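Report on one structure; see the data block that follows.
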Amino acid sequence: TVGAVALDSDGHLAAATSTGGLTGKQWGRIGDSPLIGAGTYARDGDCAVSATGTGEYFIRDSAGRQVCDRVRWNHQDIEAAAHDTIMSIGSIGGDGGLIAMDANGKPAFAINDVGMYRGAVSSDSPVIRTAIYGDE
Amino acid sequence: QKHWSLAIHGGAGVIDRGDLTPAKDAAYRAGLAEALAAGQAVLDTGGTALDAVEATLKPLEDNPLFNAGKGAAIAADGNVYLDAAIMDGGTMKAGAVAALTRTKNPILAARAVMDKTHHVFLAGEGADAFAKSQGLAQVDPSYFHTPEREQMLVDWKKDHQAMINPTHMYG
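Top line first, the protein sequences correspond to chains X and U.
FYI, the numbering used here numbers position 63 of the first sequence as 47, with every residue one higher than the one before it.
FYI, the numbering used here numbers position 120 of the second sequence as 121, with every residue one higher than the one before it.
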């Protein structure tokens, strides 16, 4: 699964996700990626989210919407909201990760697996950064 | 210059340092960097976040290393079914597609659902037909298959054959 979140110079957020799902998935099975509020979500002023992992758990826990609600209603910063959401998913048996971005363009990466292919760039840090392993 | 920001993921899992050769490690990082550069080009010239996330995902869908578009995971029946979604935080508009089998870039189809219909989510043959009607590139389903993903399905079947064929349930 691949995904992106962005803040533009007018202060608008957006999110996108694309996937083939799981190897050996049952035909007809749909994961969280195309479900708005689960694998993909964006709301100006709060956050944008794209998730990757065992989709059924991200659907049950409304992962994308949950991150943004944690920001809006719990007043958590984006890192705490992303971390607590992925831990919540882990607590019900789900594995994976997500990327999130707050209204100021601060990115957060949260995983409960060993690694996640990821990267970031911004007007403040125009040199592209990439990472794969959990300790990077 | 006003502030902008972009972040991406290319999938998660049990990725240890010993799992990837230096060449594979470099190839994944190059793929991520190419995608980020595509989104950066949009945002750096005043483009929208919506256009940036779309531009970022297209090269990842075209890169066979990642599980989306070409190189996507293969389902139990041997076919590739592709899903994608996009959402605009400013307008709360969204578009999504599922179970595409012929549309080369699912993220473009999701964007078209958002921009060109009053729906949010189209699936299956209707979604492919809609994408085609919008002029989006269509490919033979074999385009999405790669040897690596074929092997992953073979490996998966070794572990799950008993579930597929009940006559093997007891060994």
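Every residue, glycine too, gets a C-beta built ideally from N, C-alpha and C.
Nothing here was measured: the structure is a model prediction, and the numbers come from that model.
- Counting along the chain, residue 67/X sits inside the alpha helix (DSSP H) bounded by residues 62 to 75.
- Nearest to residue 116/X by C-alpha distance, out of 135/U, 46/U, 141/U and 31/U, is 31/U.
- Of all C-beta pairs linking the region 77 to 92 of chain U to the region -5 to 7 of chain X, three or more are shorter than 8 angstroms, placing the two stretches in contact.
- Close partners of residue 10/X in chain U (Cβ separation under 8 angstroms): 76 and 77.
- Contact check for residue -10/X against residue 21/U fails: the beta carbons are separated by 8 angstroms or more.
- By the CB criterion at 8 angstroms, residue 77/X and residue 157/U fall outside the cutoff.
- In the DSSP secondary-structure assignment, residue 114/X is bridged to 103/X.
- Residue range -3 to 3 is occupied by the beta strand (DSSP E) that includes residue 2/X.
- Cβ contact annotation for residue 37/U (same chain, cutoff 8 angstroms, sequence separation greater than five): 7, 9 and 57, in chain order.
- For a Cβ distance threshold of 7 angstroms, residue set 13 of chain U lies close to residue 80/X, ordered along the chain.
- Inter-segment contact for the region 61 to 68 of chain X and the region 102 to 112 of chain X is absent: fewer than three beta-carbon pairs are separated by less than 8 angstroms.
- In terms of beta-carbon proximity, residue 41/U lines the interface with chain X, with at least one pair separated by less than 8 angstroms.
- Only those residues of the region 3 to 27 of chain U whose C-beta falls short of 8 angstroms from the nearest C-beta of chain X are listed: 3, 4, 5, 6, 7, 8, 9, 10, 11, 12, 13, 14, 15, 16, 17, 18, 21 and 26.
- Residue 63/U is outside the set of residues whose beta carbon lies under 8 angstroms from a beta carbon in chain X.
- Nearest to residue 145/U by C-alpha distance, out of 81/U, 134/U, 13/U and 47/U, is 81/U.
- Of the other Cβ atoms in all chains shown, 16 or more fall within 10 Å of the Cβ of residue 72/U; this residue is therefore buried.
- Contiguous alpha helix (DSSP H) elements confined to the region 18 to 85 of chain U occur at 23 to 45 and 50 to 63, taking only those with 4 or more residues.
- Following the DSSP letters along the chain, one finds residue 86/X inside the beta strand (DSSP E) bounded by residues 80 to 86.
- Here residue 18/X really is in contact with residue 97/U; their C-beta atoms are around 4 angstroms apart, less than 8 angstroms.
- Proximity to residue 112/X across 56/X, 103/X and 92/X peaks at 103/X, based on C-alpha coordinates.
- With respect to chain U, the C-beta atom of residue -4/X has a partner C-beta closer than 8 angstroms.
- Looking at the DSSP output, residue 6/U shares a beta bridge with -9/X and 106/X.
- Bounds of any alpha helix (DSSP H) do not take in residue 91/X; it lies within the beta strand (DSSP E) bounded by 91 to 95.
- In the pairwise beta carbon analysis, the region 106 to 116 of chain U is classified as not touching the region 29 to 40 of chain X: fewer than three pairs are separated by under 8 angstroms.
- Within chain U, 6 and 8 have C-beta atoms less than 7 angstroms from the C-beta of residue 85/X, given in sequence order.
- Residue state for residue 54/X is assigned as helix, using DSSP reduced to three classes.
- Annotation for residue 44/X: no beta strand (DSSP E) segment contains it, though the alpha helix (DSSP H) segment containing it runs 39 to 44.
- Proximity of residue 68/X to chain U, defined by a Cβ-Cβ separation below 8 angstroms, is not satisfied.
- Where residue 125/U is concerned, the enclosing alpha helix (DSSP H) starts and stops at 125 to 134.
- Taking C-alpha positions only, residue 83/X is separated from residue 94/X by approximately 7 angstroms.
- Beta bridge pairing from DSSP links residue 34/X with 24/X and 83/X.
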